[in-house]
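By the working numbering, the letter at position 248 of the sequence shown is numbered 257, and the numbering carries on one by one without gaps.
Think of the CB as a built atom: it goes at the ideal place given N, C-alpha and C, for glycine as much as any other residue.
Only a predicted model underlies this, so the values are computations on that prediction, with no experimental measurement involved.
To keep things clear, I will list the structure first and then write my remarks on it.
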Amino acid sequence: MPLSSIPATTLTVLALGLLTFLIKQFVFPLYKRCAAIGHIAGPPCDNIWTGEEAWPQSSTLAHLHTGNWHQLFHKNAWQFKKSIQETYGGVLKINALFGADRPSYETNAYHLLRSRLSFGYGLVGTTGAKHLKQRRLMAPYFASKYLRTLLPVFYPFAYELCDDIEKKIKKYDGVINMHRMMSIAALEYVGTGLGYRFDGLNESKPNEYNDAAKALNPLTFKLSTYRAFLPYWVQLGPAWFRKRLVDWVPWPDLHRVKAVIYRMDDIAQDILQTRKQAFADGESYGRDILSAIMRYNDEAEDDEKIDKDEIISHITTTLFAGHETTAGVLSRIIHQLSLHHDAQERLREEVTKAREAKGDLEFEDLLELPYLDAICKETLRVYPPVDQLYRTSVKPTVIPILYPIQSTDGKELREIAIEPGTDTIVSIVGYNRNKSVWGADAEEWIPERWLEPLRTSVLQAKLPAVFSHMMTFTLGERACIGYKFAEMEMKLILSVLLSRFRFSIDPKNEIFWNMGGSITPIVKDSGQIEPTLPIRVSVLPKATA
Ligand code: HEM
Numbered sequence: 010m011p012l013s014s015i016p017a018t019t020l021t022v023l024a025l026g027l028l029t030f031l032i033k034q035f036v037f038p039l040y041k042r043c044a045a046i047g048h049i050a051g052p053p054c055d056n057i058w059t060g061e062e063a064w065p066q067s068s069t070l071a072h073l074h075t076g077n078w079h080q081l082f083h084k085n086a087w088q089f090k091k092s093i094q095e096t097y098g099g100v101l102k103i104n105a106l107f108g109a110d111r112p113s114y115e116t117n118a119y120h121l122l123r124s125r126l127s128f129g130y131g132l133v134g135t136t137g138a139k140h141l142k143q144r145r146l147m148a149p150y151f152a153s154k155y156l157r158t159l160l161p162v163f164y165p166f167a168y169e170l171c172d173d174i175e176k177k178i179k180k181y182d183g184v185i186n187m188h189r190m191m192s193i194a195a196l197e198y199v200g201t202g203l204g205y206r207f208d209g210l211n212e213s214k215p216n217e218y219n220d221a222a223k224a225l226n227p228l229t230f231k232l233s234t235y236r237a238f239l240p241y242w243v244q245l246g247p248a249w250f251r252k253r254l255v256d257w258v259p260w261p262d263l264h265r266v267k268a269v270i271y272r273m274d275d276i277a278q279d280i281l282q283t284r285k286q287a288f289a290d291g292e293s294y295g296r297d298i299l300s301a302i303m304r305y306n307d308e309a310e311d312d313e314k315i316d317k318d319e320i321i322s323h324i325t326t327t328l329f330a331g332h333e334t335t336a337g338v339l340s341r342i343i344h345q346l347s348l349h350h351d352a353q354e355r356l357r358e359e360v361t362k363a364r365e366a367k368g369d370l371e372f373e374d375l376l377e378l379p380y381l382d383a384i385c386k387e388t389l390r391v392y393p394p395v396d397q398l399y400r401t402s403v404k405p406t407v408i409p410i411l412y413p414i415q416s417t418d419g420k421e422l423r424e425i426a427i428e429p430g431t432d433t434i435v436s437i438v439g440y441n442r443n444k445s446v447w448g449a450d451a452e453e454w455i456p457e458r459w460l461e462p463l464r465t466s467v468l469q470a471k472l473p474a475v476f477s478h479m480m481t482f483t484l485g486e487r488a489c490i491g492y493k494f495a496e497m498e499m500k501l502i503l504s505v506l507l508s509r510f511r512f513s514i515d516p517k518n519e520i521f522w523n524m525g526g527s528i529t530p531i532v533k534d535s536g537q538i539e540p541t542l543p544i545r546v547s548v549l550p551k552a553t554a
């Protein structure tokens, strides 16, 4: 029936009906959410379309629906985040965020969709009961009892790494890309957690996973401004159709993201195939995550079994979550030690003494070396590799504020009531460097602060963090499951590296740390996207002898 033949009254009624539906469904809830936080002060909106920066120098600890995406998702957002926090105060949502028994918050919808599109329904892509079930299955493989059994595999690799660095010192005239070396190590170790060896130091083998994983964060970060469209995008028909659409859209960055995700997926398929073949050939299940999944599937009822897609998601999620993060922190520590030779010497003295007395250090000895512990903690505090978290309230929630802020009409606020569906960005770096909590020198890297009793304000904040009063590995049921794994791995590598090499800055390569999903080093003003950390490395005389 042609549109012109429909009576005008019917069309008007239909149009009004549609308008009412849209207002009720979208506009009114949005208005309610915005009205609830209308009195919270914040920076003026940025123009996300033109990329004009209304506030080139700003940031906040908790950033509520203010539309400053472009400033937040910028490789040099350091100053933006610092100055917003200084201007508006630290809105400490942390206690409310994770304090309730059942979460008042869930992972933000865009973040969840981004994770699902990249890694499927693994730990970062699921919520609620399914997420809890996955965590219960995996938790034992991240506990100290299991981790200590990995040391006999981890130490030999650390020595291979040192031999490789020594070879490279000769080849590259003493300047080594230490980020690459740390990435190779972190991938090897997280692979071990899955019962798989990448053999990353073997130069005849392509290092494809490492290359793909490095490209993913900077690429998706570049597309961050458009993340608001994801919930609509995923409704545009089945996955095969959307894949076609991506190919048709003339957008090279999107094509590159797709290629990288597909490559990572292929590698995960290879890992699963290799492991399945090994089990079929008679290898017995080991003490690793993939063995745990296979063992679970052997015993589970058919409808309870973990299907192939989910297993692939567990592989890609674990590799990605545990790889660039740890490599980033190790790189940062090496950079800091290169800048602070006194700290480097003190650390070297501690680890060499301990190793001379006991050889390869056992789990407790390694974790309890005081200065090594202080160096790791201080670096994780000041330089967390993941600097912010995304959450959405799922029910009406009141957020208590530890250090009161001022509302737009000048009132002191000690709590904020927010509506369900309010997006919240929690700044990890903002909490970790908060001067009210950590003191006036909060932004400085001072490992010695961990050798003294902690400030009362740190203890009074009562942050229920999984790791040392800081937000770096977050808190609650979505906290980093691999934090002990990361701690052990970092301390082991550092203890071995420091006994063998000296690190210093290469004056020709000034380092800049890019914010880009995870924080990674590049040579300043080089225009690089791929993380690089050129450091001058020399073999210690004793080790050479
Ligand atoms: C220094 C190293 C690391 C840092 C700073 C770090 C940090 C984080 C953070 C901030 C989250 C929460 C993300 C969010 O909720 O949006 C997270 C989650 C996660 N991390 Fe780590 N991580 C590190 C190392 C590791 C390692 C070594 C592994 C595994 C071997 C790992 C596995 C995971 C997994 C699976 C999750 C998702 C947990 C869940 O949603 O239940 N991480 N990590």
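* Could you spell out where the alpha helix (DSSP H) holding Met524 opens and where it closes? => Premise fails: Met524 is in no alpha helix (DSSP H) and is neither H nor E.
* Asked: Could you give the C-beta distance for Met479 and Asn441, rounded to a whole number, given that I count them as a contact under 8 Å?
  -> 5 Å
* Can you find a heavy atom of the ligand HEM that lies under 7 Å from the Cβ of Ala140? -> Correcting the residue identity first, residue 140 is His in this sequence and not Ala. Checking the Cβ of His140 against the ligand HEM gives yes.
* Asked: Does the distance from the C-beta atom of Leu381 to that of Leu503 stay below 8 Å?
  -> yes
* Look up Phe476 in the DSSP assignment and say whether it is helix, strand or coil. => Looking at Phe476 - three-state DSSP - the assignment turns out to be strand.
* Asked: Are the beta-carbon atoms belonging to Thr116 and Tyr399 less than 8 Å from one another?
  -> yes
* 8 Å CB neighbourhood of Thr229 in its chain, flanking five on each side removed -> Arg123, Ser127, Val266, Gly526
* Specify the secondary structure class of Ala63 as computed by DSSP and reduced to three states. => A caution first: Ala63 carries a pLDDT of 31, below 50, which makes its placement in the model too unreliable to give a value.
* To do: Check whether the Cβ atoms of Phe512 and Leu549 sit closer than 8 Å, and answer yes or no.
  => no
* Asked: DSSP three-state call for Leu73: helix, strand or coil?
  -> In this predicted model, Leu73 has a pLDDT of only 34, less than 50, meaning its place in the structure is not dependable; the value taken from the coordinates is given anyway. The answer is strand: DSSP assigns Leu73 an E or B state.
* To do: Return the residue from the list Asp262, Lys404, Ser213, Asn219 that minimises the CA-CA distance to Tyr235.
  => Asp262
* Asked: Going by the C-beta, is Leu398 closer than 7 Å to any heavy atom of the ligand HEM?
  -> If you check the C-beta of Leu398 against the ligand HEM, you find a heavy atom less than 7 Å away.
* Short Cβ contact (8 Å threshold) for Thr327 with Ala495 -> no
* Asked: Using the rule of at least 16 other Cβ atoms within 10 Å of the residue's Cβ for burial, across every protein chain shown, is Lys142 buried or exposed?
  -> exposed
* Asked: Is the beta carbon of Tyr8 less than 8 Å from the beta carbon of Ile270?
  -> There is simply no residue 8 to check, as the chain begins at 10 and stops at 554 in what is shown.
* Go ahead and pull the three-state DSSP assignment for Ile342. => In this structure, Ile342 counts as helix in the three-state DSSP scheme.
* the stretch 310 to 329 in contact with the stretch 345 to 363 per 3-pair CB rule at 8 Å -> no
* Asked: So Pro379 is in the beta strand (DSSP E); what residue range does that whole segment cover?
  -> Premise fails: Pro379 lies in the alpha helix (DSSP H), 379 to 391, not in any beta strand (DSSP E).
* To do: For Gln397, write down the residues that DSSP places opposite it in a beta bridge.
  => Ser436
* Under a Cβ-count criterion, where at least 16 other Cβ atoms within 10 Å of its own Cβ denotes burial, should Ile15 be classed as buried or exposed? -> Here Ile15 is exposed. Its C-beta has fewer than 16 other C-beta atoms within 10 Å.
* Closest by C-alpha distance to Asn211, when choosing among Asp173, Val243, Leu225 -> Asp173
* **Bounding residues of the beta strand (DSSP E) (the contiguous stretch that carries Ser293)** => It is not in any beta strand (DSSP E) - Ser293 carries neither H nor E in the DSSP assignment.
* Asked: Is Ile298 closer than 8 Å to Tyr150 when the C-beta atoms are compared?
  -> yes
* Minimum C-alpha distance to Gln94 - residue among Glu486, Leu507, Asn443 -> Asn443
* To do: Measure the alpha-carbon distance for Glu343 versus Asp256 and round it to whole angstroms.
  => According to the sequence as given, residue 343 is Ile; it is not Glu. Each residue's Cα considered, the two are about 41 Å apart.
* When Gly295, Ser402, His120 are compared against Ser233, the one with the closest alpha-carbon -> His120
* Evaluate Pro161 with the Cβ neighbour count: other Cβ atoms within 10 Å of its Cβ, from every protein chain shown; 16 or more gives buried, anything less gives exposed. => exposed
* **Thr18 burial status per 10 Å Cβ neighbour count (16 or more: buried)** => exposed
* To do: Specify whether the stretch 428 to 440 and the stretch 358 to 373 touch according to this definition: at least 3 beta carbon pairs, one from each stretch, less than 8 Å apart.
  => no
* Asked: Leu284 to Ile414, Cα distance in whole Å?
  -> For clarity, residue 284 is Arg in the given sequence; the question names Leu instead. Straight-line Cα distance between these residues: approximately 54 Å.
* Does the ligand HEM have even one heavy atom less than 7 Å from the beta-carbon of Ala118? -> no
* Asked: If we ignore side chains and look at the alpha-carbon of each, how far apart do Thr481 and Trp447 end up?
  -> Between Thr481 and Trp447, the alpha-carbon positions lie close to 14 Å from each other.
* Helix, strand or coil for Ser504, going by three-state DSSP, please let me know. => Judged by DSSP in its simplified three-state form, Ser504 adopts helix.
* Determine the direct distance from the alpha carbon of Lys180 to that of Arg390, and round the result to whole angstroms. => Near 35 Å, if we compare the C-alpha coordinates of Lys180 and Arg390.
* Distance between Ala426 and His332 (C-alpha atoms, nearest Å) -> Rounded to the nearest angstrom, the two C-alpha atoms are 37 Å apart.
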